[in-house]
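Beneath this line is the structure, given in structure tokens, with notes to follow.
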Amino acid sequence: ATIRKVIYTTNAIESVHRQFRKLTRTKGAFPNENSLLKLLYPGLMNAQEKWTMPIQSWNLALSQLAIYFEGRLNTVMTL
1 ATIRKVIYTT NAIESVHRQF RKLTRTKGAF PNENSLLKLL YPGLMNAQEK
51 WTMPIQSWNL ALSQLAIYFE GRLNTVMTL
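Have a look at this one:
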């Protein structure tokens, strides 16, 4: 249950994609790449400000993942 809770609360990438879709939905096309970046950059900075809270129960979830994926997680992360 702890792992599922951490996964559901850490959908940061989906949140950024949602923010980008929201910003670009009303635009038909962009004249160049810079105009798109100028629109998306403030949205990304806004999303970054919301990521200040640490993930609750991360250590517990990480320990459970280490048990489940015995030996494989230790090569990637130090516990």
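Quick note on numbering: my numbering labels position 17 of the sequence shown as 17, and the sequence is numbered without any gaps.
Backbone N, C-alpha and C fix where the C-beta goes; we use that ideal spot for every residue, glycine too.
- In terms of Cβ geometry, Thr2 and Ala47 do not form a close pair [threshold 8 Å].
- Contact check for Trp51 against Val6 fails: the beta carbons are separated by 8 Å or more.
- Boundaries for Lys50: no alpha helix (DSSP H) harbours it, and the DSSP string shows neither H nor E there.
- With a cutoff of 8 Å on beta-carbon distance, Phe69 and Gly43 are scored as not near each other.
- Looking at the backbone, the Cα of Leu23 and that of Glu49 are separated by about 17 Å.
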